[in-house]
Amino acid sequence: MDLDTVRELVVARDRADLDGLGEGTAILAGGTWLYSEPQQRVRRLIDITELGWTALTIDNAGLEIAATCTLAELAAGEYPAAWNATRLFAQGCGALVASHKIRRTATVGGNICLALPAGAVLAALTALGGFGLVWGPRGDQWIPLSHFVTGAGETVLLPGEVLRAVRIPESNLSSRTAFRKISLAPLGRSGSVVMGRLDADGGCVITISAATTRPTVLEFSSLPSVGELSAIVLGLDPGVWYDDPHGAPDWRRHVSGVLAAEIARELAGGRS
Numbered sequence: 341m342d343l344d345t346v347r348e349l350v351v352a353r354d355r356a357d358l359d360g361l362g363e364g365t366a367i368l369a370g371g372t373w374l375y376s377e378p379q380q381r382v383r384r385l386i387d388i389t390e391l392g393w394t395a396l397t398i399d400n401a402g403l404e405i406a407a408t409c410t411l412a413e414l415a416a417g418e419y420p421a422a423w424n425a426t427r428l429f430a431q432g433c434g435a436l437v438a439s440h441k442i443r444r445t446a447t448v449g450g451n452i453c454l455a456l457p458a459g460a461v462l463a464a465l466t467a468l469g470g471f472g473l474v475w476g477p478r479g480d481q482w483i484p485l486s487h488f489v490t491g492a493g494e495t496v497l498l499p500g501e502v503l504r505a506v507r508i509p510e511s512n513l514s515s516r517t518a519f520r521k522i523s524l525a526p527l528g529r530s531g532s533v534v535m536g537r538l539d540a541d542g543g544c545v546i547t548i549s550a551a552t553t554r555p556t557v558l559e560f561s562s563l564p565s566v567g568e569l570s571a572i573v574l575g576l577d578p579g580v581w582y583d584d585p586h587g588a589p590d591w592r593r594h595v596s597g598v599l600a601a602e603i604a605r606e607l608a609g610g611r612s
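Our numbering applies: residue 341 is where the sequence shown begins, and numbers increase by one.
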């Protein structure tokens, strides 16, 4: 779709070119959402794809993912054999209602910053304990992704700030994981996506998304029982459950409890 309100396009070549972010200015990377509908308030675009950020960086501390890394690059990346948890990347991308063309264009940063409940890549990175590096007037900040999204379509980003990268700790990448998704239609938008992570020290993290207004992270010192986990999920604040044509809150709550129970069984050693 043509953005006929845009009057200026800036191709950023270094960090200084990001100055002036604020009202009326939008970041352009993949552009798959930006160009999908009218953007009446956007007068200026800053294209960050020429900044030269390396899509995936593997080091002793773990994995760094550039905000401009495409979903396809994330899903198809070559990772160390011991990093079992990286399978969540492809599973998260697969949970999106998106063509291969979209996945080759849409970016990790866009999926995170849009903060859509169905943003399964955001959910996967949150499930793995990711931290987002934010550039802005307040300096560089590392923000846990579990705190980055505050509601449907809402984040902690302030005017002038941009997401630069996401870092996943090495220890979390070696964890065991489990994944479940459900929707009202076979190829429909996710009604609930639940991911589980079992760490080497016995700690367990369950992340619920799509069913909730923001990724909901449940942390345990050890793997919870099926009954304990189901009770916790069903006991979440009623206001956390998302309501749209792709699923009513009571249905999302119920199926999330079912999927969480399946996750607990799988992580305990028995697939369901």
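Where a beta carbon is used, it is the ideal one built from N, C-alpha and C, also for glycine. Keep in mind that this is a model prediction, so the values were computed, not measured.
Taking Cβ positions, are residue i and residue j nearer each other than 8 Å?
i	j	result
residue 565	residue 540	no
residue 388	residue 367	yes
residue 447	residue 407	yes
residue 600	residue 460	no
residue 503	residue 468	no
residue 445	residue 410	yes
In this structure, does DSSP put residue i in helix, strand or coil?
i	result
residue 612	Note that residue 612 scores 43 on pLDDT, short of 50, meaning its location in the model is unreliable; the coordinates nonetheless yield the value given after this. Coil, per DSSP.
residue 383	coil
residue 406	strand
residue 466	helix
residue 486	helix
residue 351	strand
residue 480	coil
residue 344	coil
Could you check the C-alpha separation between residue i and residue j for me, to the nearest Å?
i	j	result
residue 292	residue 344	Past the edges of the chain, shown from 341 to 612, lies residue 292, and the structure says nothing about it.
residue 434	residue 413	13 Å
residue 603	residue 488	25 Å
residue 612	residue 606	In this prediction, residue 612 has a pLDDT of 43, which is less than 50 and means its spatial position is unreliable; what the coordinates show is noted afterwards. About 6 Å.
residue 354	residue 392	9 Å
residue 346	residue 500	18 Å
residue 561	residue 571	17 Å
residue 544	residue 535	11 Å
Decide if residue i is buried, meaning its Cβ has at least 16 other Cβ atoms within 10 Å, or exposed.
i	result
residue 420	exposed
residue 553	buried
residue 585	exposed
residue 351	exposed
residue 518	buried
residue 363	exposed
To which residues of the same chain is residue i closer than 6 Å at the C-beta, ignoring the five residues directly before and after it?
i	result
residue 462	451 and 452
residue 569	600 and 604
residue 465	485 and 506
Can you list, in chain order, the residues of its chain whose CB lies under 7 Å from that of residue i, leaving out five sequence neighbours each side?
i	result
residue 494	455
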